Amino acid sequence: MKRYLWPLGLFLVLAGFLFAGLYLNPREVPSPLIGKTVPAFSLPQLAAPDKTFSPADMKGKVWLVNVWASWCVSCRQEHPLLVELAKTGLVPMIGLHYKDERDAGLKWLAEGGDPYLLSAHDRDGRVAIDFGVYGTPETFIVDKAGVIRYKHTGPLTPQLLRDDILPRVKQLEAS
Amino acid sequence: MRGLIVVLAALMLPFSALHAEEAKPLADDPVVEARVQKLGEELRCLVCQNQNIADSHADLAMDLKKQLREQIAAGRSDGEIKDFMVERYGDFVLYRPPLKASTVLLWAGPFALLLLVVVLLLRRLRSRAERAAVANTLSADEHERARALLAGEENKV
Numbered sequence: 001m002k003r004y005l006w007p008l009g010l011f012l013v014l015a016g017f018l019f020a021g022l023y024l025n026p027r028e029v030p031s032p033l034i035g036k037t038v039p040a041f042s043l044p045q046l047a048a049p050d051k052t053f054s055p056a057d058m059k060g061k062v063w064l065v066n067v068w069a070s071w072c073v074s075c076r077q078e079h080p081l082l083v084e085l086a087k088t089g090l091v092p093m094i095g096l097h098y099k100d101e102r103d104a105g106l107k108w109l110a111e112g113g114d115p116y117l118l119s120a121h122d123r124d125g126r127v128a129i130d131f132g133v134y135g136t137p138e139t140f141i142v143d144k145a146g147v148i149r150y151k152h153t154g155p156l157t158p159q160l161l162r163d164d165i166l167p168r169v170k171q172l173e174a175s
Numbered sequence: 176m177r178g179l180i181v182v183l184a185a186l187m188l189p190f191s192a193l194h195a196e197e198a199k200p201l202a203d204d205p206v207v208e209a210r211v212q213k214l215g216e217e218l219r220c221l222v223c224q225n226q227n228i229a230d231s232h233a234d235l236a237m238d239l240k241k242q243l244r245e246q247i248a249a250g251r252s253d254g255e256i257k258d259f260m261v262e263r264y265g266d267f268v269l270y271r272p273p274l275k276a277s278t279v280l281l282w283a284g285p286f287a288l289l290l291l292v293v294v295l296l297l298r299r300l301r302s303r304a305e306r307a308a309v310a311n312t313l314s315a316d317e318h319e320r321a322r323a324l325l326a327g328e329e330n331k332v
């Protein structure tokens, strides 16, 4: 009898692992950038191409970086939430306008609202590579010293914002 | 009828031509391109996770290949280029993950499993041999009966 239970037990263990695997997200790759200084760059601003933005401009503040593009479908999904967040004024957000035309980006912001303090225009995606971006939208929290503290890949949800991002921002601002 | 076949054949012809991907622009130097290819096969495309960036035509893979070309042109070694990728995308970007505390199971797991199976198999074979040895010993009566059977004297037993 025992010898017949063995394969059944093995099967159940395997099935357990596979079942748990169904709920894991393979896209959630742990970022090696957490705990590191935000990549240094200088990019033209989307709305004012003659002016540049560099992370040093935000020193002393806790801020968010949000990578977006007008061709990015999930960005459209999270956009209203970002606009709402901007209205609360809880945390400044810099957009990284990723591999997109300037006109398309400006049109998108005019239509959906502009939640960003400003957007940096990363036309060829080079800065995004330094951020380890692989799936837009992506959101980072940067602390006062310019260290990346958190990264989320994929659209933000109200729940994530409430339970994860805003508490972290509050905590970092207090420190 | 013949006309129809010709038309059908003509319809089929251009398909293969239409679907063939145009060759992507390569670096001018074939040596550089060979290195890009070799490095690209070691790096995972994070957009299409089960492809390497040498095979992938995803936008990000194209950009990363451009990075490879530039860094090779700048005289960086393969190790330095891989470190560059790992700094940004983590160990996950490598198809051959490094041996670390968190990856020991990945590297040693299959061998541990193999060892376990070999041990179980040896134990089973040994116990089977022992049982067979016991089963093969006949008592004096059984020997006598076997001899009788072989001699064709079954009826007398």
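Those sequence lines, one after another, are chains V and W.
When we follow this note's numbering, the leftmost residue of the first sequence carries the number 1, and every step to the right adds one.
When we follow this note's numbering, the leftmost residue of the second sequence carries the number 176, and every step to the right adds one.
We put the beta carbon where it would ideally sit given N, CA and C, even for glycine.
The model shown is predicted, which means the values in this text are computed figures rather than measured ones.
DSSP state of residue i mapped onto helix, strand, coil
i, result
"Gly21(V)", "helix"
"Thr157(V)", "coil"
"Leu33(V)", "coil"
"Trp71(V)", "coil"
"Lys59(V)", "coil"
"Lys151(V)", "strand"
"Pro7(V)", "helix"
"Leu46(V)", "coil"
"Ser133(V)", "The residue asked about is misnamed: residue 133(V) is Val in this sequence, not Ser. Residue state, collapsed to three classes: coil."
"Val38(V)", "coil"
"Lys51(V)", "coil"
"Leu14(V)", "helix"
Neighbour-count burial assignment, residue i, 16 or more Cβ in a 10 Å radius
i, result
"Gln171(V)", "exposed"
"Ala321(W)", "exposed"
"Ser18(V)", "Ser is not the amino acid found at residue 18(V); the sequence shown has Leu there. Classification for Leu18(V): exposed."
"Phe286(W)", "exposed"
"Gln242(W)", "buried"
"Phe274(W)", "Checking the sequence shown, residue 274(W) turns out to be Leu, not Phe. Exposed is the call here."
"Gly16(V)", "exposed"
"Ala161(W)", "As displayed, chain W neither begins before 176 nor continues past 332, which places residue 161(W) out of reach and without an answer."
"Ala249(W)", "exposed"
"Lys213(W)", "exposed"
"Lys87(V)", "exposed"
"Lys59(V)", "exposed"
"Arg299(W)", "exposed"
"Ala120(V)", "buried"
"His152(V)", "buried"
"Arg219(W)", "buried"
"Asp316(W)", "exposed"
"Leu204(V)", "Chain V is shown only over 1 to 175; residue 204(V) falls outside these bounds and no answer can be derived."
Checklist entry - Going along the segment 201-220 of chain W in order, which residues come within less than 7 Å of chain V, judged by CB to CB distance? => result none
Next on the checklist: What are the residues in the segment 222-244 of chain W lying within 8 Å of chain V by C-beta distance?
Outcome noted: Val222, Gln224, Asp234, Leu235, Asp238, Leu239, Gln242
Checklist entry - Just checking, does the segment 124-131 of chain V make contact with the segment 88-95 of chain V on the three C-beta pairs under 8 Å criterion? => result no
Checklist entry - Touch check for the segment 134-143 of chain V and the segment 45-65 of chain V: three-plus C-beta pairs under 8 Å? => result yes
Checklist entry - Fully enclosed by the segment 199-233 of chain W, which alpha helix (DSSP H) runs are 4 residues long or longer? => result 205-215
Next on the checklist: Is it the case that the segment 66-74 of chain V contacts the segment 94-113 of chain V, given that we only count it when at least three CB pairs across the two stretches are under 8 Å?
Outcome noted: yes
Next on the checklist: What ranges does the alpha helix (DSSP H) occupy inside the segment 259-330 of chain W, keeping only unbroken runs of at least 4 residues that lie completely in it?
Outcome noted: 279-311, 315-325
Item to check | Start-end ranges of the beta strand (DSSP E) lying completely within the segment 87-124 of chain V, minimum 3 residues | outcome: 93-98, 118-122
Checklist entry - Does the segment 201-217 of chain W come close enough to the segment 228-247 of chain W that 3 or more CB-CB pairs lie under 8 Å? => result yes
Checklist entry - Is there contact between the segment 145-158 of chain V and the segment 75-84 of chain V, where contact requires at least three CB pairs shorter than 8 Å? => result yes
Item to check | Under 7 Å (Cβ pairs) to chain V, residues found in the segment 262-290 of chain W | outcome: Glu262, Arg263, Tyr264, Gly265, Phe267
Checklist entry - Do the segment 129-138 of chain V and the segment 46-56 of chain V meet, that is, are 3 or more Cβ pairs less than 8 Å apart? => result no
Item to check | Members of the segment 128-156 of chain V that neighbour chain W once the beta carbon cut-off is set at 7 Å | outcome: Ile129, Asp130, Gly132, Tyr134, Gly135
Checklist entry - Is there contact between the segment 257-276 of chain W and the segment 286-306 of chain W, where contact requires at least three CB pairs shorter than 8 Å? => result no
Next on the checklist: Please list, in chain order, the residues of the segment 94-107 of chain V that have any C-beta partner in chain W closer than 9 Å.
Outcome noted: Lys99
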